[in-house]
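>
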Amino acid sequence: MRAIWKGAISFGLVHVPVKVYSATESHDVSLHQVHDEDGGRIRYERRCEICKEIVPYKHIDKAFDDGEKTIVLTDEDLKSLPAERSHEIDVVEFVPDDQIDVLRLGNPYFLEPEEKALKPYSLLRQALEETERTAVVTFALRQRTRLGALRVRDNVLVLQTLLWDDEVRTADFPVLENTAKVTQKELAMAGQLIESLAGDFDASQFTDDYQEQLKTLIEAKQKAGEGIDSEATFGEQEDEGGEVVDLMEALRRSVEARKGDEKPKKKAAKKKSSA
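Under our numbering, the first residue of the sequence shown carries the number 249, and numbering increases by one thereafter.
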């Protein structure tokens, strides 16, 4: 991994120099746009509306337009901002882990300590674990001041961006002001369905079906060209049927379907234990 930024965690008078790494990566198949008639690549040009020339990135600045005047901001202007010059991850407070709303969570980053900072890094990590607290921090990254949550994952400190308060929208749906009557039978049946699907979360058990099918489609078109047989490529697709209007009936069918799925597993487990 390559560090994208260097800074220091600051809490009280303690400074912990760290390197920051992106904690996630995308494995999506990369697609680009083409002309449907001849397959020609569609490209976007950065053309100046005054001189009509195509402008390279190195000659592009940012600007604010107030409707009457355009105020150009160069890279040097933006780098002169005090927040942009700061490389501190400043701890504002320590809050209980469960107070961080998952709706606010953004991009995660791994923090690697400099060798000389291993002890204070380990101290902060162990203190967060034992107190079951998350450090709320502020820092500047990529021309933005950001709010973040500093927490422990395995033996690594992870910095995760948080949305500012005004970035989280309020769900205002008038339909929810109406009261829907739920019967005890429906609640009990829903509980059975939930129990039949209960388990411990393991992300490795899930795959991105769309990306897998997209790769299969690309491979099939590489071999067969344009005229591929969808059924031969993906198998026969079952018709999921129309919507089941009756809620109890839908719950009953769902529970029965789960019981049907579990029977082979139970038989297999029984055979394994008797062998």
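No residue lacks a Cβ here, since even glycine has one placed at the ideal position from N, Cα and C.
The model shown is predicted, which means the values in this text are computed figures rather than measured ones.
1. What does the alpha-carbon distance come out to for the pair R401 and S270?
2. Can you tell which of L407, E316, L353 has its C-alpha closest to the C-alpha of R373?
3. Could you give the uninterrupted runs of the alpha helix (DSSP H) lying entirely in the stretch 417-489, keeping only those of 4 residues or more?
4. Considering only C-alpha positions, which residue in the set R250, I252, I257 is nearest to G396?
5. Let me know the alpha helix (DSSP H) ranges lying completely inside the stretch 336-392, each 4 residues or longer, listed in chain order.
6. Could you check how far apart the C-beta atoms of L359 and V268 are, in whole angstroms? I think they sit under 8 Å.
7. What residues are listed by DSSP as bridge partners for L410?
8. By DSSP, does L405 sit in helix, in strand, or in coil?
9. Here's the rule I'm using: 16 or more other beta-carbon atoms within 10 Å means buried, otherwise exposed. How should A388 be labelled?
10. Compute the Euclidean distance between the alpha carbons of P304 and R294, then round it to the nearest angstrom.
11. DSSP three-state label for V492, please.
12. May I ask you to report which of helix, strand or coil DSSP gives G508?
13. Whole angstroms are fine: how far does the CA of A498 sit from the CA of V492?
14. Buried or exposed: where does F482 fall if 16 or more other Cβ atoms within 10 Å of its Cβ makes it buried?
With the structure as the only source:
1. The alpha-carbon separation between R401 and S270 amounts to approximately 14 Å.
2. The candidate whose alpha carbon is nearest that of R373 is L407.
3. Counting only unbroken stretches of 4 or more residues, the alpha helix (DSSP H) elements lying wholly within the stretch 417-489 are 432-444, 457-472, 478-482, in sequence order.
4. Proximity to G396 across R250, I252, I257 peaks at I257, based on C-alpha coordinates.
5. DSSP runs (the alpha helix (DSSP H)) wholly in the stretch 336-392: 366-379.
6. For a cut-off of 8 Å, the C-beta gap from L359 to V268 is around 6 Å, short enough to register as a contact.
7. In DSSP, L410 forms a bridge with L353, L395.
8. Strand.
9. So A388 counts as buried.
10. C-alpha separation (whole angstroms): 7 Å.
11. Residue placement at V492 is flagged as unreliable, the pLDDT there being 49, under the threshold of 50; the coordinate-derived value follows with that caveat. Collapsing the DSSP output to three states places V492 in coil.
12. Reduced to three states, the DSSP call for G508 is helix.
13. Reliability fails at V492, whose pLDDT of 49 lies under 50, so the model's placement of it is uncertain and the value that follows must be treated cautiously. In this structure, the CA atom of V492 is about 6 Å from the CA atom of A498.
14. Classification of F482: exposed, given that the 10 Å Cβ count is below 16.
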